[in-house]
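Positions in the sequence shown are counted from 1; adding 218 to them yields the working numbering. For glycine and all other residues, C-beta sits at the position ideal for the given N, C-alpha and C.
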Amino acid sequence: MRRNVDLSDISDGKLYGDNDMVKADCRGCAGCSDCCRGMGDTILLDPYDVWRLTTGLGKAFADFLDREIELGVADGCILPHMRMTGARESCAFLDGEGRCSVHALRPGICRLFPLGRYYENGAFQYFLQTGECSASRSKIKVSRWIDTPDQRRYREFVTAWHYLLIDAQNCMQKKQDDMFQKELNMLLLKTFFLTPYDGKTDFYGQFEKRKEDFYALTLGNCQKLCGDRDS
Ligand code: SF4
Ligand code: SF4
């Protein structure tokens with residue numbers, strides 16, 4: 219989800235790479251679960267998150283739509299996000315003790331928090347959101363905090379997914395055609411979320427193949443018509 223805010227208003231003004239130390243470690247959260255409640259539609263899921271949850275829990279993506287995940291519109295694209303439920307607007311994966319019941323499989327946004335991603339010139343760095351977590355935090359290496367194997371390939375995937383969505387959004391904006399928007403969104407959902415992933419083979423290879431198919435089927439043609447990416 220893109221936000222039009224001044225970075226200096228919401229962060230400590232610094233940008234961080236995977237090997238930098240950042241004051242993000244809330245040391246087990248000590249009974250707090252604030253960032254798992256009342257988050258609306260902001261905990262967006264990407265294909266890697268869905269691969270992790272579907273293959274880790276042995277459940278089809280469509281079955282999560284009954285309870286834990288819902289679909290919403292983010293910058294013109296229909297994308298899944300964690301569903302907030304009940305009187306306290308809690309994530310459906312939060313257990314009775316206020317702990318994440320899928321900690322090892324938690325989505326990328328949950329792994330990041332209170333860090334955010336800042337994209338520029340086809341790449342991204344992290345920033346520390348200063349108004350989001352009031353716990354006393356200590357310094358930790360960014361890559362350790364994100365707790366995801368093969369950081370290089372993960373970074374390549376996150377970047378590719380971000381710019382694929384921008385390409386799709388630009389394409390839909392330029393066409394201004396409701397039927398085209400609907401079809402592109404259906405293809406996005408089917409290609410990257412509804413079609414089951416194989417838990418026994420490498421995620422990144424599966425994503426690359428789906429990305430190629432998606433560009434070949436839609437965005438390649440659209441970019442010829444609409445011109446190159448402009449943001
Ligand atoms: S708000 Fe901070 S301390 Fe509370 S659960 Fe989230 S990361 Fe942990
Ligand atoms: S998946 Fe886990 S960490 Fe993420 S919002 Fe839900 S309960 Fe919190």
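- The beta-carbon distance between ALA242 and ARG355, rounded to whole angstroms, is 6 Å. This is short enough to meet the 8 Å contact definition.
- Its chain contains no residue whose beta carbon lies nearer than 6 Å to that of ARG373 once the 5 sequence neighbours on both sides are disregarded.
- Fewer than three Cβ pairs drawn from the region 287-302 and the region 357-368 lie within less than 8 Å of each other, which leaves the two stretches out of contact.
- Classified as buried, THR272 has 16 or more neighbouring CB atoms from the shown chains inside 10 Å of its CB.
- At least one heavy atom of ligand 2 falls within 7 Å of the beta-carbon of ILE261.
- The straight-line gap separating the alpha-carbon atoms of SER251 and LYS393 is approximately 42 Å.
- Between ASP230 and THR413, the CB-CB gap reaches or exceeds 8 Å.
- Put simply, the backbone Cα of ASN403 is about 10 Å away from that of GLN387.
- The set of residues with CB atoms less than 5 Å from any heavy atom of ligand 2 reads, in chain order, CYS254, CYS309, PHE311, LEU312, CYS318, ARG324 and CYS328.
- A straight-line Cα-Cα distance of about 45 Å links GLU401 and ARG245.
- Between the alpha carbons of GLU430 and MET257 lies a distance of about 33 Å.
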